[in-house]
Amino acid sequence: SAMEKVVLEAQLRRALERGELVVHYQPQVTLPEGRIVAVEALMRWQHPEIGLVPPDKFIPLSEETGLIIPMGEWILKTACEQLVTWRRQGFDIHRVAVNLSGKQIQLDTLPQTVQKVLQQTGCPAYALELEITEGFIMRHPEQSIALLKQIQGLGVELSVDDFGTGHSSLNYLKRLPINRLKIDRSFVWDIGENDNGETLTRTIIAMGHSLNLQITAEGIETDKQRKFLEDLNCNEAQGYLFSKPLPAEEVTKLLQRKG
């Protein structure tokens, strides 16, 4: 309801000030070796009364209210600091991926913010990957391309998230200054279940590789899915088969075990 929304918004503002927002990290592994080389940073809200508030409850609200701007800068900084910590501890984590919201991409100051965070945290630009959803780019193509070029100019990696769910054409994809495609989980879940999904996954991987892009598949839950993707030379994978999103200290334990 509208009232609930007002209450939740006030609480979300407070959450940012009080440190109730936390970041969980989902490992991304190389195929076929299964080595953890990257993590995706995901925002969680640990509410003092309700407990963990799911992202689909508070992320849309934060976009509507503009709170996503300070929250987005916060997660960027937190994730970069964490990556620097892991690297100092001797773990070979190549990069941390952070999602950008449409609201953030619409800000001309985004490249300056990214640069500021890299300087503050000492995170190398090449170790940060920013993810943009295909849907947003399709709605604002020219604006997106101009801004992404600026960000890529900083040396940061760019990836298109949820790829395959929108309508981007190959021509359009060629123009995007990106390094990586992330195949949406809905296609991965079709593997072994639905020929259309498999065909699309094959096509996306072939298309990405023909443009010299790296490919990460999301939402991998079974060995069958993993095998299918390995056979297509998909570069990296993330999903519950490898690990769910975890607090930083849990990822550290995982890295120690894997090491």
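To convert a position in the sequence shown, counted from 1, into my numbering, add 1. Cβ coordinates follow ideal geometry from the N, Cα and C atoms, glycine included. Remember, it's a predicted structure, so these values are computed and weren't measured experimentally.
In the structure shown, residue 157 adopts coil according to DSSP, grouped into three states. For residue 31 and residue 217, the gap between their C-alpha atoms comes out near 9 angstroms. Shown here, residue 33 sits in coil according to DSSP, grouped into three states, outside any helix or strand. By the neighbour-count definition (other C-beta atoms within 10 Å, threshold 16), residue 127 is an exposed residue.
Of the candidates 133, 12, 191, 139, the residue whose Cα lies closest to the Cα of residue 158 is 133.
Residue pairing by DSSP places residue 100 opposite 132 in a beta bridge.
DSSP places residue 223 in no alpha helix (DSSP H); its state is neither H nor E. When DSSP states are grouped into helix, strand and coil, residue 201 belongs to the helix group.
Between residue 39 and residue 76, the C-beta gap is not smaller than 8 angstroms, which leaves the two residues out of contact. Residue burial is scored here from C-beta neighbours: residue 18 has fewer than 16 other C-beta atoms within 10 angstroms and is therefore classed as exposed. Residue 246 and residue 25 have their C-alpha atoms spaced approximately 5 angstroms apart.
Secondary structure of residue 26 (DSSP, three-state): strand. With distances taken between CA atoms, residue 186 lies nearest to 202 out of 202, 176, 179.
Rounded to the nearest angstrom, the Cβ distance from residue 161 to residue 182 is 5 angstroms, consistent with a contact under 8 angstroms. Per the DSSP secondary-structure output, residue 48 pairs in a beta bridge with 52.
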